[in-house]
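>
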Amino acid sequence: MRINEAAEHLGLSQRALKYYEKEGLLEVRRDENGYRNYSTQDLERLKKISLYRKLGIAIKDIESLLNTEDPVRLREILAQKRDQLQQDQTQLQSLEKYLDDGNLDEAFQQIDYETIGQAIQDMFPGFTGYYFMHHFMPYLQMRITSPEQQAAYQRILTFWDTTTIQVPLVMRLISYLQYKLNRLNLFDQTETMEKRMRQMIEMSDHDYEKLKKQVLSGVKMKTSFPMKYHPAFVSQRKFMKRLQDAGYNDIFIPSMIALSPAYKRYHDALTAVNQRLCDDLGLYYDSNYVLRLKKKDLG
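So the sequence shown is numbered by this note's numbering: it starts at 643 and just counts up by one.
Now the structure itself:
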């Protein structure tokens with residue numbers, strides 16, 4: 643069965659089928675003309691993939707499920723879905739009670755946002771909230787379930803309520819165009835996040851060496867004369883320094899780690915790669931957030 647037929651048969655897009663193949667979830671044979679030829683087994687595997695995606699399972703977890711057929715993860719998802727339904731039922735009952743008795747204070751306490759991400763978007767509306775928070779949205783698609791998360795959420799609210807940071811004009815203009823014209827939907831954001839996390843966690847020696855060369859080339863370019871004094875790089879360094887001085891790395895990021903287990907996994911993976919690069923290349927930021935490269939590594 644050709645890809646267009648398989649996509650129509652399953653109610654999926656051809657783009658989705660190609661993406662799943664690219665991510666290693668299935669391997670489709672090609673005919674003598676180079677066209678994909680989907681077998682019955684491929685279609686059954688795609689049904690499973692589609693089912694798991696509908697349940698909100700990450701691509702990396704789907705790969706594990708397909709390879710091991712482990713029912714434990716599915717039972718965990720069942721428990722999560724059951725909890726979600728119970729929470730939704732409680733919300734509906736609270737709404738119904740409010741319609742009956744008009745008790746606003748009680749309804750205000752009992753009815754909550756479906757996800758932390760929705761709450762954040764309401765707490766920080768408009769472009770400024772989008773600029774600082776949109777790339778965190780894939781990590782905030784859950785509810786607060788512990789006092790520690792609630793405390794972290796409150797710290798984030800307080801941080802942004804008491805912090806005023808002027809975004810450089812160039813960065814503001816670029817982000818504003820994205821805000822108005824090219825916002826990724828949450829599905830695409832989540833897929834991108836999962837892909838980056840897998841790349842960092844499962845990075846081969848070959849890919850790491852390639853990344854190291856790219857980073858070294860970029861650092862040499864940014865620290866060379868006259869690029870070091872280019873207005874765009876100067877404003878970026880000043881912006882990073884203002885963020886640091888405001889407590890972005892000491893208050894906001896640790897609070898995000900405490901709030902979202904998904905973000906913690908991403909941050910841990912990113913930190914490990916960054917630390918490895920800094921150790922291998924001799925990279926560091928000075929007190930003015932100027933990126934430095936130890937002389938012995940300048941080649």
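Virtual Cβ for every residue (Gly too), placed ideally from N, Cα, C.
1) Is A911 near M839, with beta carbons less than 8 Å apart?
2) Spell out a yes or no on whether the stretch 911-929 and the stretch 842-859 are touching, meaning 3 or more CB-CB pairs, one atom from each, closer than 8 Å.
3) Which residue from P903, V915, F894 and T804 puts its Cα closest to that of K852?
4) At what residues does the beta strand (DSSP E) containing R695 begin and finish?
5) Take N679 as the anchor and find which of V714, P873, L935 and E647 has the nearest alpha-carbon.
6) If you draw a straight line from the C-alpha of A888 to the C-alpha of T710, how long is it?
7) Could you compute how far the alpha carbon of A713 sits from the alpha carbon of L720?
8) In its own chain, which residues sit with a C-beta less than 7 Å from the C-beta of V932, not counting the 5 before and 5 after it?
9) Below 7 Å, is the gap between the Cβ of L799 and the nearest heavy atom of the ligand NAP?
10) Starting from the C-beta of D684, find all residues in its chain whose C-beta is less than 7 Å away, skip the five residues before and the five after it, and write them out in chain order.
11) According to DSSP, simplified to helix, strand and coil, what is R918?
12) Between the alpha carbons of T770 and G666, how many angstroms are there, rounded?
13) Between the Cα of T757 and those of P780, Q656 and G768, spot the shortest distance and give me the residue it belongs to.
14) Can you check which of these residues, P896, K664 and I691, is closest to L654 by C-alpha distance?
15) Could you check which residue in L799, Q752, H872 and H909 has the C-alpha nearest to that of F766?
16) Measure the Cβ-Cβ separation of M898 and F778 and say whether it is below 8 Å.
17) Whose C-alpha, out of Y773, V876 and M784, is nearest the C-alpha of A761?
18) Mapping the DSSP letters down to three states, classify L668 as helix, strand or coil.
19) Can you name the residues that DSSP bridges to L933?
20) Taking N930 as the reference, give the member of Y677, T805 and V876 with the closest Cα.
21) To the nearest angstrom, report how far apart E738 and L727 are at their CA atoms.
22) So, L955 versus L652, is the Cβ gap smaller than 8 Å?
23) Is DSSP giving R959 helix, strand or coil here?
24) Nearest to Y905 by CA position, among M869, V809, D803 and G759, is which residue?
25) For a test of the three-state rule: what should DSSP assign to L858, helix, strand or coil?
26) Can you give me the Cβ contacts of Q656 inside the same chain, cut-off strictly under 6 Å, excluding the 5 residues immediately before and after it?
27) What separation, rounded to the nearest whole angstrom, lies between the Cα atoms of K883 and I807?
28) My output table needs one value for G771: the three-state DSSP class, helix, strand or coil.
29) Which whole-angstrom value describes the C-beta separation of I701 and E836, a residue pair presumed to lie in contact below a C-beta threshold of 8 Å?
30) Quick check: what's the CA-CA separation for Y773 versus L815?
31) Just the Cα atoms here: how many angstroms apart are N745 and T732?
32) In the structure shown, what three-state DSSP assignment does H872 receive?
Working from what's here:
1) yes
2) yes
3) V915
4) Where R695 is concerned, there is no enclosing beta strand (DSSP E), although the alpha helix (DSSP H) it sits in stretches over T682 to K696.
5) E647
6) 47 Å
7) It should be pointed out that residue 713 corresponds to Pro in this sequence rather than to Ala. Answer to the nearest angstrom: the Cα atoms are 10 Å apart.
8) R879
9) In the structure on display, the ligand NAP does not appear, and there are no ligands present to speak of.
10) L668 and V670
11) helix
12) 38 Å
13) P780
14) I691
15) L799
16) yes
17) M784
18) coil
19) Y927
20) V876
21) 16 Å
22) Because the chain here runs from 643 to 941, residue 955 falls outside it and cannot be looked at.
23) The shown model of the chain, from 643 to 941, leaves out residue 959, and the question about it has no answer.
24) G759
25) helix
26) I645 and A649
27) 11 Å
28) helix
29) 5 Å
30) 11 Å
31) 16 Å
32) coil
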